[in-house]
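The sequence shown begins at 3 in the working numbering and counts up one residue at a time.
Positions of the beta carbon are idealized from the N, C-alpha and C atoms, including for glycine.
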Amino acid sequence: MNPLRNTCALLAATAVLASCEGTPKETSQAPQTQAAATPERYKSETDEGLGVSVAIVLDNSGSMREKAKGDGRPKADVAKVAIERALDATEAAIAKRPDYPVKISLLVFSDETKTILPMQPYNRDSVRAAIARVPRASGGTAIGDAMDAARVALYKAGTFRKVILVVTDGQNTDGRDPAVVAQEIFTRSDGGVGMYFVAFDTDAEKFAFLRTVKGDVVTAQNGAALSASLAELYEGKVLAEAAVEPSAPAAKSTPRSSP
């Protein structure tokens, strides 16, 4: 047998094999598509019954130290007084509907959100003491994060009706986009959380996204207007609806945390 001939044959076979292995293999497998996951509905962490819970969300960023128009006080001080006065209307509402609980919490936000008054049945002294504990305004404006923190508090409150009421003088600078958070809350609550804003000394069109989630925004360019706007939202959108809502037996919900 000729050794040279055998060597040439071996080299030729090796070249053919390498050529075949280097050729991309065709696949008949169709690309797989994954259906978009439907957002899970929020679930209460406790049994829910008749009543309304309101999370008051106050902007406490650095810009709230500026003086309010037509007023020598910082905007933060003007806002705190306006909130206290608006909530005073709660006692009359409770007197008319003693079977209808009204729960209040107060959260303040700058770069982060702090709970000043945990969600509880309305009590004038507790509200005033909480407002007095609000720290000095400073930092950025994380509106979206504050809205989500308010939502968490509402799903621990134990009432069917839930409302977020935001007082802010600025535009979101930190954290999640409030428009995205509003849409998420609207979708995952099946529209069960009312969202209302008071645009204090700022353009209400910054919060036009509320219209897409059946919320509302009102403008307040000075201290007097702020008191009027808060009263309009709180008495007109929260307490007035409570006054006409029919009594119903409490229904139990399955306790489950809401991420």
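First through last residue of the beta strand (DSSP E) which encompasses residue i
| i | result |
| --- | --- |
| Arg163 | 161-170 |
| Pro180 | Taken as a continuous stretch (DSSP letters only), Pro180 belongs to no beta strand (DSSP E), being part of the alpha helix (DSSP H) at 180-190. |
| Gly51 | 51-61 |
| Leu241 | It is not in any beta strand (DSSP E) - Leu241 carries neither H nor E in the DSSP assignment. |
| Thr122 | One detail in the question is off: residue 122 reads as Gln in this sequence, not Thr. Start and end: 115-123. |
| Thr40 | No beta strand (DSSP E) contains Thr40, which DSSP labels as neither H nor E. |
| Val215 | Unbroken run through Val215: none, as it is neither H nor E. |
| Tyr198 | 195-202 |
First through last residue of the alpha helix (DSSP H) which encompasses residue i
| i | result |
| --- | --- |
| Val83 | 77-89 |
| Gly146 | 145-156 |
| Ala131 | 126-134 |
Cα-Cα separation, residue i to residue j
| i | j | result |
| --- | --- | --- |
| Asn174 | Pro123 | 30 Å |
| Ala81 | Asp73 | 12 Å |
| Val183 | Ala91 | 29 Å |
| Arg126 | Leu89 | 8 Å |
| Ala244 | Ala227 | 24 Å |
| Ser128 | Leu119 | 8 Å |
| Thr35 | Ser140 | Confidence at Thr35 is low in this model, with a pLDDT of 45, below 50, so its placement is unreliable and the value that follows should be read with caution. So the two alpha carbons sit approximately 48 Å from each other. |
| Ser63 | Gly177 | 13 Å |
| Lys216 | Ile187 | 11 Å |
| Lys254 | Ser65 | Any answer about Lys254 is weak, because its pLDDT of 42 lies below 50 and its placement is not dependable; what the coordinates show is given next. Whole-angstrom Cα-Cα distance: 43 Å. |
| Thr214 | Lys239 | 17 Å |
| Asp61 | Ala78 | 8 Å |
Beta-carbon proximity of residue i to residue j, cut-off 7 Å
| i | j | result |
| --- | --- | --- |
| Thr221 | Ala206 | yes |
| Ala84 | Leu241 | no |
| Asp218 | Asp171 | no |
| Lys69 | Asn224 | no |
| Met121 | Ala155 | yes |
Nearest-angstrom Cβ-Cβ length linking residue i and residue j, presumed shorter than 8 Å
| i | j | result |
| --- | --- | --- |
| Glu47 | Lys158 | 5 Å |
**the region 92-110 / the region 139-156 touching (three or more Cβ pairs under 8 Å)** = Using a Cβ-Cβ distance cut-off of 8 Å, the region 92-110 and the region 139-156 are in contact, since at least three pairs of beta carbons, one from each stretch, lie closer than that value.
Within 8 Å, do at least three Cβ pairs link the region 162-181 to the region 54-62? yes
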